Amino acid sequence: MAPSRLAADRSAPALLVKVGHYPQSHSAVGAVRTLGRLGVPVYAMVEDRFTPTAASRYLTGAIVSPTTGREPRDRLLDALREAAGEVRRRTGRRAVAVATDDEAAVLLAEHAAELSADLLLPPTEAGLPRRLADKAGLYDICESTGTPTPRTRAAADRAGLLAAARLLGYPLVLKNRAPFSRLERPVVGHTTVVHDEAELLSHCPPGGRPFAVLAQEYLPAEQAEDWITHLTCGAGGEPLALFTGVKLRSWPPGAGITTRARAVANPALAALAARLCRRIGYSGIADLDWRLDLRDGCYKLVDFNPRTGAQFRLFETVDGVDVVRALHLWLTGRPVPAGPQLARCYGLGQLDLLSAGSSLRRLHRVPPDLRPSRGTERAWLCRDDPAPALAEAARFGGRAARYAARYAARRAGNAAAARLSAVSAARRPC
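Given below as C-alpha coordinates:
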(Lines of atoms letter the chains of each structure in order from A and count residues from 1; the text may use other names and numbers.)
(Lines give C-alpha, C1' and ligand atoms only; values in the text may rest on other atoms or scores of the structure.)
Protein backbone atom coordinates (compact mmCIF):
# COMPACT_ATOMS: atom_id res chain seq x y z
CA MET A 1 0.00 0.00 0.00
CA ALA A 2 1.46 3.38 -1.01
CA PRO A 3 2.28 5.73 1.86
CA SER A 4 -0.12 8.66 2.32
CA ARG A 5 1.02 12.19 1.51
CA LEU A 6 -1.28 13.71 4.13
CA ALA A 7 0.42 15.69 6.87
CA ALA A 8 -1.47 14.25 9.82
CA ASP A 9 -0.62 15.12 13.42
CA ARG A 10 0.66 11.75 14.61
CA SER A 11 0.73 12.86 18.22
CA ALA A 12 -3.04 13.54 18.29
CA PRO A 13 -4.96 10.33 19.07
CA ALA A 14 -8.45 9.40 17.92
CA LEU A 15 -11.19 7.72 19.95
CA LEU A 16 -13.97 5.74 18.25
CA VAL A 17 -17.10 6.30 20.33
CA LYS A 18 -20.03 3.90 20.27
CA VAL A 19 -23.28 3.24 22.09
CA GLY A 20 -25.08 -0.09 21.68
CA HIS A 21 -24.21 -3.68 20.92
CA TYR A 22 -22.97 -4.19 17.36
CA PRO A 23 -19.61 -5.95 17.58
CA GLN A 24 -19.38 -6.65 13.82
CA SER A 25 -18.85 -3.03 12.83
CA HIS A 26 -17.08 -2.57 9.51
CA SER A 27 -17.39 1.20 9.95
CA ALA A 28 -15.21 1.07 13.07
CA VAL A 29 -12.69 -1.23 11.39
CA GLY A 30 -12.49 1.16 8.44
CA ALA A 31 -11.89 4.14 10.76
CA VAL A 32 -9.14 2.30 12.65
CA ARG A 33 -7.40 1.36 9.41
CA THR A 34 -7.64 4.73 7.70
CA LEU A 35 -6.21 6.68 10.65
CA GLY A 36 -3.77 3.96 11.67
CA ARG A 37 -2.20 3.98 8.22
CA LEU A 38 -1.40 7.67 8.76
CA GLY A 39 0.40 6.80 11.98
CA VAL A 40 -2.36 8.24 14.18
CA PRO A 41 -2.83 6.41 17.53
CA VAL A 42 -6.38 4.99 17.44
CA TYR A 43 -8.40 3.84 20.44
CA ALA A 44 -11.86 2.30 20.26
CA MET A 45 -14.72 1.51 22.62
CA VAL A 46 -15.55 -2.17 22.00
CA GLU A 47 -17.85 -4.87 23.37
CA ASP A 48 -14.98 -7.27 24.07
CA ARG A 49 -11.40 -7.94 23.04
CA PHE A 50 -12.42 -10.40 20.32
CA THR A 51 -14.38 -8.03 18.07
CA PRO A 52 -13.05 -7.38 14.55
CA THR A 53 -12.19 -3.82 15.60
CA ALA A 54 -10.10 -5.03 18.53
CA ALA A 55 -8.28 -7.46 16.21
CA SER A 56 -6.95 -4.77 13.85
CA ARG A 57 -3.19 -4.32 13.79
CA TYR A 58 -3.78 -0.58 13.45
CA LEU A 59 -5.62 -0.26 16.76
CA THR A 60 -3.48 1.23 19.51
CA GLY A 61 -5.83 0.34 22.34
CA ALA A 62 -9.20 -1.36 22.86
CA ILE A 63 -11.32 0.09 25.67
CA VAL A 64 -13.84 -2.57 26.67
CA SER A 65 -17.09 -0.74 27.38
CA PRO A 66 -20.12 -2.89 26.50
CA THR A 67 -23.48 -1.11 26.32
CA THR A 68 -26.93 -1.78 24.91
CA GLY A 69 -28.07 1.83 24.55
CA ARG A 70 -30.89 1.14 26.99
CA GLU A 71 -28.89 2.18 30.04
CA PRO A 72 -29.66 5.47 31.85
CA ARG A 73 -28.08 8.40 30.01
CA ASP A 74 -25.81 9.29 32.93
CA ARG A 75 -24.36 5.77 32.89
CA LEU A 76 -23.66 5.99 29.16
CA LEU A 77 -22.08 9.38 29.66
CA ASP A 78 -19.91 8.02 32.49
CA ALA A 79 -18.64 5.26 30.17
CA LEU A 80 -17.79 7.86 27.54
CA ARG A 81 -16.00 10.06 30.09
CA GLU A 82 -13.98 7.08 31.34
CA ALA A 83 -12.91 6.13 27.80
CA ALA A 84 -11.93 9.70 26.92
CA GLY A 85 -10.07 10.12 30.19
CA GLU A 86 -8.21 6.85 29.64
CA VAL A 87 -6.94 8.01 26.24
CA ARG A 88 -5.90 11.35 27.73
CA ARG A 89 -3.97 9.57 30.50
CA ARG A 90 -2.20 7.28 28.04
CA THR A 91 -1.26 9.92 25.46
CA GLY A 92 -1.29 13.25 27.26
CA ARG A 93 -3.37 14.68 24.41
CA ARG A 94 -7.04 15.29 23.71
CA ALA A 95 -8.44 12.75 21.26
CA VAL A 96 -10.42 13.45 18.09
CA ALA A 97 -13.80 11.83 18.77
CA VAL A 98 -15.28 9.76 15.92
CA ALA A 99 -18.89 8.67 16.47
CA THR A 100 -19.94 5.42 14.79
CA ASP A 101 -23.66 5.56 15.69
CA ASP A 102 -26.35 8.20 16.15
CA GLU A 103 -26.55 7.81 19.93
CA ALA A 104 -22.82 8.44 20.31
CA ALA A 105 -23.10 11.51 18.08
CA VAL A 106 -25.96 12.86 20.20
CA LEU A 107 -24.09 12.34 23.48
CA LEU A 108 -20.94 13.98 22.12
CA ALA A 109 -22.82 17.05 20.86
CA GLU A 110 -25.08 17.54 23.87
CA HIS A 111 -22.22 17.20 26.37
CA ALA A 112 -19.47 18.80 24.29
CA ALA A 113 -18.67 21.47 26.90
CA GLU A 114 -17.90 18.97 29.67
CA LEU A 115 -16.16 16.49 27.33
CA SER A 116 -13.92 19.11 25.70
CA ALA A 117 -11.27 18.68 28.40
CA ASP A 118 -10.44 15.25 26.93
CA LEU A 119 -11.88 15.32 23.40
CA LEU A 120 -11.61 17.41 20.25
CA LEU A 121 -15.13 17.96 18.87
CA PRO A 122 -16.61 19.92 15.95
CA PRO A 123 -18.39 23.16 16.92
CA THR A 124 -21.91 22.11 16.00
CA GLU A 125 -25.07 23.25 17.79
CA ALA A 126 -25.68 20.99 20.80
CA GLY A 127 -29.18 19.86 19.84
CA LEU A 128 -28.70 19.60 16.07
CA PRO A 129 -27.48 15.97 15.81
CA ARG A 130 -30.49 14.76 17.81
CA ARG A 131 -32.91 16.64 15.55
CA LEU A 132 -31.21 15.30 12.42
CA ALA A 133 -31.15 11.69 13.65
CA ASP A 134 -34.81 11.94 14.71
CA LYS A 135 -36.75 11.11 11.53
CA ALA A 136 -39.57 13.51 12.39
CA GLY A 137 -37.07 16.24 13.28
CA LEU A 138 -35.31 15.71 9.96
CA TYR A 139 -38.60 16.10 8.11
CA ASP A 140 -39.18 19.46 9.83
CA ILE A 141 -35.64 20.58 8.91
CA CYS A 142 -36.18 19.58 5.29
CA GLU A 143 -39.45 21.51 5.21
CA SER A 144 -37.85 24.64 6.67
CA THR A 145 -34.81 24.55 4.36
CA GLY A 146 -36.62 23.60 1.16
CA THR A 147 -34.85 20.23 0.92
CA PRO A 148 -36.90 17.64 -0.98
CA THR A 149 -37.97 14.65 1.12
CA PRO A 150 -40.73 12.00 0.98
CA ARG A 151 -44.01 12.80 2.72
CA THR A 152 -43.69 11.76 6.34
CA ARG A 153 -45.82 11.41 9.48
CA ALA A 154 -44.74 10.54 13.04
CA ALA A 155 -46.94 8.22 15.09
CA ALA A 156 -46.97 7.56 18.83
CA ASP A 157 -49.78 5.02 18.99
CA ARG A 158 -51.96 2.69 16.91
CA ALA A 159 -54.49 5.38 15.98
CA GLY A 160 -51.74 7.72 14.79
CA LEU A 161 -50.18 5.01 12.67
CA LEU A 162 -53.50 4.17 11.02
CA ALA A 163 -54.12 7.87 10.33
CA ALA A 164 -50.67 8.15 8.72
CA ALA A 165 -51.41 5.12 6.52
CA ARG A 166 -54.70 6.60 5.37
CA LEU A 167 -52.92 9.82 4.42
CA LEU A 168 -49.84 8.32 2.74
CA GLY A 169 -51.34 5.12 1.33
CA TYR A 170 -49.80 1.68 0.80
CA PRO A 171 -47.09 0.48 0.42
CA LEU A 172 -45.77 2.41 3.40
CA VAL A 173 -42.28 2.67 4.91
CA LEU A 174 -41.88 2.27 8.67
CA LYS A 175 -38.79 3.48 10.56
CA ASN A 176 -37.89 3.67 14.21
CA ARG A 177 -38.10 7.35 14.86
CA ALA A 178 -35.32 8.56 17.12
CA PRO A 179 -31.95 7.86 18.74
CA PHE A 180 -32.17 5.79 21.93
CA SER A 181 -35.87 4.95 21.44
CA ARG A 182 -34.87 2.75 18.48
CA LEU A 183 -32.81 0.70 20.97
CA GLU A 184 -35.15 0.96 23.95
CA ARG A 185 -38.52 0.42 22.20
CA PRO A 186 -37.94 -0.65 18.58
CA VAL A 187 -41.09 -1.04 16.51
CA VAL A 188 -39.29 -2.55 13.50
CA GLY A 189 -35.91 -4.25 13.24
CA HIS A 190 -34.90 -2.00 10.35
CA THR A 191 -36.51 0.16 7.68
CA THR A 192 -39.57 -1.90 6.71
CA VAL A 193 -42.06 -1.72 3.85
CA VAL A 194 -45.64 -2.74 4.74
CA HIS A 195 -48.23 -3.45 2.06
CA ASP A 196 -51.58 -3.43 3.82
CA GLU A 197 -53.33 -2.66 7.11
CA ALA A 198 -52.95 -6.16 8.54
CA GLU A 199 -49.19 -6.04 8.01
CA LEU A 200 -49.08 -2.54 9.47
CA LEU A 201 -50.93 -3.53 12.64
CA SER A 202 -48.65 -6.52 13.16
CA HIS A 203 -45.94 -4.02 14.05
CA CYS A 204 -48.01 -2.24 16.71
CA PRO A 205 -46.73 -3.07 20.22
CA PRO A 206 -49.20 -5.17 22.27
CA GLY A 207 -51.25 -3.65 25.06
CA GLY A 208 -51.59 -0.24 23.47
CA ARG A 209 -48.15 0.89 24.66
CA PRO A 210 -46.93 4.21 23.21
CA PHE A 211 -44.15 3.91 20.65
CA ALA A 212 -41.98 6.09 18.44
CA VAL A 213 -42.28 5.23 14.78
CA LEU A 214 -42.22 7.15 11.53
CA ALA A 215 -44.42 6.43 8.54
CA GLN A 216 -42.96 7.58 5.24
CA GLU A 217 -44.20 7.70 1.66
CA TYR A 218 -42.92 4.74 -0.36
CA LEU A 219 -40.99 5.60 -3.52
CA PRO A 220 -41.24 2.58 -5.86
CA ALA A 221 -37.91 0.82 -6.35
CA GLU A 222 -38.53 0.34 -10.05
CA GLN A 223 -38.93 4.13 -10.42
CA ALA A 224 -36.12 5.26 -8.15
CA GLU A 225 -32.36 5.13 -7.54
CA ASP A 226 -30.59 5.12 -4.17
CA TRP A 227 -27.79 7.66 -3.76
CA ILE A 228 -25.52 8.55 -0.84
CA THR A 229 -23.44 11.55 0.16
CA HIS A 230 -20.71 11.42 2.79
CA LEU A 231 -19.11 14.63 3.95
CA THR A 232 -17.12 16.37 6.64
CA CYS A 233 -18.18 19.94 7.32
CA GLY A 234 -16.14 22.61 9.04
CA ALA A 235 -17.39 25.59 10.99
CA GLY A 236 -20.67 27.00 9.69
CA GLY A 237 -21.43 23.89 7.67
CA GLU A 238 -18.82 24.53 4.98
CA PRO A 239 -17.86 21.17 3.38
CA LEU A 240 -14.20 20.21 3.74
CA ALA A 241 -14.67 16.86 1.98
CA LEU A 242 -17.81 15.84 0.08
CA PHE A 243 -18.46 12.61 -1.80
CA THR A 244 -21.35 11.17 -3.79
CA GLY A 245 -22.14 7.62 -4.87
CA VAL A 246 -24.89 5.25 -5.87
CA LYS A 247 -26.10 2.33 -3.77
CA LEU A 248 -26.44 -0.86 -5.81
CA ARG A 249 -27.48 -3.41 -3.18
CA SER A 250 -28.31 -3.59 0.51
CA TRP A 251 -29.16 -6.12 3.19
CA PRO A 252 -31.98 -6.61 3.87
CA PRO A 253 -32.71 -5.84 0.19
CA GLY A 254 -34.02 -2.36 -0.47
CA ALA A 255 -33.99 -1.24 3.14
CA GLY A 256 -30.84 -2.20 5.04
CA ILE A 257 -27.14 -1.41 5.13
CA THR A 258 -25.21 -0.89 1.91
CA THR A 259 -23.54 -4.06 0.65
CA ARG A 260 -22.48 -2.88 -2.81
CA ALA A 261 -21.97 0.71 -3.95
CA ARG A 262 -20.06 2.75 -6.47
CA ALA A 263 -18.49 6.20 -6.07
CA VAL A 264 -19.93 8.46 -8.77
CA ALA A 265 -19.31 12.21 -8.97
CA ASN A 266 -22.71 13.94 -8.93
CA PRO A 267 -22.34 17.74 -8.79
CA ALA A 268 -26.09 18.38 -8.49
CA LEU A 269 -26.45 16.08 -5.48
CA ALA A 270 -23.25 17.43 -3.91
CA ALA A 271 -24.60 20.96 -4.20
CA LEU A 272 -27.90 19.90 -2.60
CA ALA A 273 -26.11 18.31 0.38
CA ALA A 274 -23.74 21.26 0.78
CA ARG A 275 -26.60 23.75 0.72
CA LEU A 276 -28.45 21.88 3.45
CA CYS A 277 -25.39 21.69 5.72
CA ARG A 278 -24.63 25.39 5.26
CA ARG A 279 -28.22 26.39 6.02
CA ILE A 280 -28.36 24.44 9.27
CA GLY A 281 -24.72 25.09 10.23
CA TYR A 282 -23.85 21.43 10.65
CA SER A 283 -20.22 20.65 11.57
CA GLY A 284 -18.64 17.21 11.60
CA ILE A 285 -19.04 13.96 9.69
CA ALA A 286 -22.38 13.07 8.11
CA ASP A 287 -23.85 10.24 6.05
CA LEU A 288 -26.91 11.19 3.97
CA ASP A 289 -29.21 8.79 2.12
CA TRP A 290 -31.14 10.09 -0.89
CA ARG A 291 -33.63 8.52 -3.27
CA LEU A 292 -33.80 9.85 -6.81
CA ASP A 293 -37.48 9.78 -7.75
CA LEU A 294 -37.41 9.11 -11.49
CA ARG A 295 -41.03 10.22 -11.78
CA ASP A 296 -40.13 13.86 -11.10
CA GLY A 297 -36.30 13.78 -11.33
CA CYS A 298 -35.94 14.97 -7.74
CA TYR A 299 -33.38 13.80 -5.16
CA LYS A 300 -35.26 13.28 -1.89
CA LEU A 301 -33.49 13.03 1.45
CA VAL A 302 -34.56 9.96 3.43
CA ASP A 303 -31.92 9.87 6.21
CA PHE A 304 -29.33 12.20 7.74
CA ASN A 305 -26.93 10.31 10.01
CA PRO A 306 -24.75 12.76 12.00
CA ARG A 307 -21.84 10.32 12.25
CA THR A 308 -19.50 8.11 10.24
CA GLY A 309 -21.37 6.03 7.65
CA ALA A 310 -20.83 2.28 7.56
CA GLN A 311 -19.52 2.38 3.97
CA PHE A 312 -17.47 5.59 4.28
CA ARG A 313 -14.35 3.86 2.94
CA LEU A 314 -15.99 3.73 -0.48
CA PHE A 315 -14.98 7.37 -0.80
CA GLU A 316 -11.47 8.77 -1.08
CA THR A 317 -9.88 11.64 -2.99
CA VAL A 318 -6.80 11.48 -5.18
CA ASP A 319 -4.91 12.92 -2.18
CA GLY A 320 -6.02 10.10 0.13
CA VAL A 321 -8.67 12.10 2.01
CA ASP A 322 -11.80 10.37 3.33
CA VAL A 323 -14.31 11.83 5.82
CA VAL A 324 -12.56 10.43 8.91
CA ARG A 325 -9.15 11.68 7.82
CA ALA A 326 -10.68 15.06 6.97
CA LEU A 327 -12.13 15.33 10.49
CA HIS A 328 -8.81 14.51 12.12
CA LEU A 329 -6.87 16.91 9.89
CA TRP A 330 -9.30 19.76 10.50
CA LEU A 331 -9.63 19.36 14.27
CA THR A 332 -5.85 19.15 14.69
CA GLY A 333 -5.25 22.31 12.63
CA ARG A 334 -3.91 20.61 9.51
CA PRO A 335 -4.95 21.49 5.93
CA VAL A 336 -7.48 19.28 4.14
CA PRO A 337 -6.53 18.89 0.44
CA ALA A 338 -9.51 19.44 -1.86
CA GLY A 339 -8.82 16.97 -4.69
CA PRO A 340 -11.49 15.14 -6.71
CA GLN A 341 -12.90 11.81 -5.54
CA LEU A 342 -11.67 8.51 -6.96
CA ALA A 343 -13.88 6.17 -8.96
CA ARG A 344 -14.16 3.18 -6.63
CA CYS A 345 -16.49 0.33 -5.72
CA TYR A 346 -17.36 -1.09 -2.32
CA GLY A 347 -18.39 -4.56 -1.21
CA LEU A 348 -19.57 -6.00 2.11
CA GLY A 349 -18.52 -9.63 1.83
CA GLN A 350 -21.00 -12.33 2.74
CA LEU A 351 -23.90 -9.92 3.24
CA ASP A 352 -23.56 -8.82 -0.38
CA LEU A 353 -23.72 -12.47 -1.44
CA LEU A 354 -26.97 -12.81 0.52
CA SER A 355 -28.34 -9.66 -1.10
CA ALA A 356 -27.29 -10.82 -4.57
CA GLY A 357 -28.90 -14.22 -3.94
CA SER A 358 -32.13 -12.53 -2.93
CA SER A 359 -32.05 -10.43 -6.11
CA LEU A 360 -31.42 -13.52 -8.20
CA ARG A 361 -34.46 -15.30 -6.73
CA ARG A 362 -36.66 -12.24 -7.09
CA LEU A 363 -35.60 -11.00 -10.53
CA HIS A 364 -34.43 -14.31 -12.07
CA ARG A 365 -31.20 -12.79 -13.34
CA VAL A 366 -27.66 -12.43 -12.08
CA PRO A 367 -27.28 -8.99 -10.45
CA PRO A 368 -24.62 -6.59 -11.76
CA ASP A 369 -21.25 -5.97 -10.11
CA LEU A 370 -21.28 -9.37 -8.44
CA ARG A 371 -17.55 -9.98 -8.83
CA PRO A 372 -15.24 -7.44 -7.18
CA SER A 373 -13.47 -5.34 -9.78
CA ARG A 374 -10.11 -3.66 -9.54
CA GLY A 375 -10.35 -0.72 -7.17
CA THR A 376 -13.02 -2.35 -5.01
CA GLU A 377 -12.75 -1.43 -1.34
CA ARG A 378 -13.68 -4.48 0.72
CA ALA A 379 -15.20 -3.91 4.12
CA TRP A 380 -13.39 -6.84 5.76
CA LEU A 381 -10.74 -8.41 3.54
CA CYS A 382 -7.52 -6.46 3.59
CA ARG A 383 -4.01 -7.59 2.68
CA ASP A 384 -2.22 -5.47 5.28
CA ASP A 385 -4.74 -6.15 8.09
CA PRO A 386 -6.26 -9.67 7.78
CA ALA A 387 -7.19 -10.31 11.43
CA PRO A 388 -10.52 -8.36 11.44
CA ALA A 389 -11.79 -10.48 8.52
CA LEU A 390 -10.96 -13.65 10.44
CA ALA A 391 -12.68 -12.36 13.57
CA GLU A 392 -15.73 -11.38 11.51
CA ALA A 393 -15.83 -14.80 9.82
CA ALA A 394 -15.81 -16.52 13.22
CA ARG A 395 -18.63 -14.36 14.56
CA PHE A 396 -20.67 -14.59 11.37
CA GLY A 397 -20.22 -18.36 11.27
CA GLY A 398 -21.35 -18.65 14.88
CA ARG A 399 -24.46 -16.59 14.20
CA ALA A 400 -25.25 -18.62 11.09
CA ALA A 401 -24.86 -21.90 13.04
CA ARG A 402 -27.17 -20.66 15.81
CA TYR A 403 -29.75 -19.53 13.26
CA ALA A 404 -29.59 -22.90 11.48
CA ALA A 405 -30.01 -24.75 14.79
CA ARG A 406 -33.07 -22.67 15.72
CA TYR A 407 -34.54 -23.14 12.24
CA ALA A 408 -34.03 -26.92 12.41
CA ALA A 409 -35.59 -27.03 15.90
CA ARG A 410 -38.64 -25.10 14.68
CA ARG A 411 -39.07 -27.42 11.72
CA ALA A 412 -38.70 -30.48 13.93
CA GLY A 413 -41.24 -29.05 16.36
CA ASN A 414 -43.71 -28.28 13.57
CA ALA A 415 -43.29 -31.78 12.13
CA ALA A 416 -43.86 -33.36 15.55
CA ALA A 417 -46.96 -31.25 16.08
CA ALA A 418 -48.28 -32.26 12.65
CA ARG A 419 -47.73 -35.96 13.40
CA LEU A 420 -49.47 -35.63 16.77
CA SER A 421 -52.38 -33.87 15.14
CA ALA A 422 -52.66 -36.63 12.49
CA VAL A 423 -52.61 -39.36 15.15
CA SER A 424 -55.29 -37.56 17.18
CA ALA A 425 -57.46 -37.18 14.08
CA ALA A 426 -57.09 -40.88 13.26
CA ARG A 427 -58.19 -41.91 16.76
CA ARG A 428 -61.15 -39.53 16.82
CA PRO A 429 -64.44 -41.48 16.40
CA CYS A 430 -66.50 -40.75 13.31
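Going by the working numbering, the sequence shown opens with residue 21, and the numbers climb by one from there. Glycine residues also receive a C-beta, built at the ideal position from the N, C-alpha and C atoms. Please read all numbers here as calculations on a predicted model, not as lab measurements.
Query	Result
Residue(s) in a DSSP beta bridge with E245	L312
Close Cβ partners of T111 (< 7 angstroms) along its chain, the five nearest in sequence each way excluded	P33 and P61
Where Y427 sits in the DSSP three-state scheme	Only weak support is given to the placement of Y427: the predicted model assigns it a pLDDT of 44, under 50, and the question is left unresolved by the model.
Top-ranked residue by Cα proximity to L135, from R151, A99 and P149	A99
Cα-Cα separation between S31 and E242, rounded to whole angstroms	50 angstroms
Cβ separation of A281 and Q331, assumed to be a contact under 8 angstroms, to the nearest whole Å	6 angstroms
Minimum C-alpha distance to K38 - residue among W310, D121, P149 and V126	D121
Classification of V193 by the beta-carbon crowding that lies within 10 angstroms, buried from 16 upward	buried
When R90, L97 and L35 are compared against A74, the one with the closest alpha-carbon	L35
Three-state class that DSSP yields for F416 in the structure shown	helix
H102: first and last residue of the uninterrupted alpha helix (DSSP H) it sits in	Reading the sequence as shown, one finds Glu at residue 102 and not His. Looking at the DSSP string, the run of the alpha helix (DSSP H) that includes E102 is R93 to T111.
Check whether V350 and L260 have beta carbons under 8 angstroms apart	It should be noted that the sequence gives Trp, not Val, for residue 350. Yes, they are a contact pair.
Where the beta strand (DSSP E) through T165 begins and ends	From DSSP, T165 is part of no beta strand (DSSP E) but of the alpha helix (DSSP H) over K155 to T165.
Whole-number beta carbon distance between G257 and I305, since they are thought to touch under 8 angstroms	In fact, because the Cβ distance is near 13 angstroms, the residues do not count as touching under 8 angstroms.
Coil, strand or helix - A34 by DSSP	strand
Closest by C-alpha distance to D372, when choosing among P199, K267 and H41	K267
Buried or exposed (CB count within 10 angstroms, at least 16 for buried), G59	exposed
R415 and P43 closer than 8 angstroms at C-beta	yes
When A48, V233 and G265 are compared against P72, the one with the closest alpha-carbon	A48
Simplified DSSP assignment, three categories, for S270	strand
At least three beta-carbon pairs within less than 8 angstroms, the segment 354-370 to the segment 184-202	no
Own chain, CB closer than 7 angstroms to E145, minus 5 neighbours either side, in chain order	G301
DSSP-derived helix/strand/coil call for T212	strand
Segments of 3+ residues assigned as beta strand (DSSP E) that fall wholly inside the segment 293-357	304-313 and 318-325
Member of V66, R57 and D160 whose CA lies at the smallest distance from the CA of R77	R57
Beta strand (DSSP E) segment containing R25, residue limits	Taken as a continuous stretch (DSSP letters only), R25 belongs to no beta strand (DSSP E), as it is neither H nor E.
8 angstroms contact criterion, which S375 and P240 should meet: CB distance rounded	19 angstroms between Cβ atoms; not a contact.
Helix, strand or coil at Y370 according to DSSP, with G and I counted as helix	Reading off the sequence, residue 370 comes out as Gln, not Tyr. Of the three classes helix, strand and coil, the one that applies to Q370 here is helix, per DSSP.
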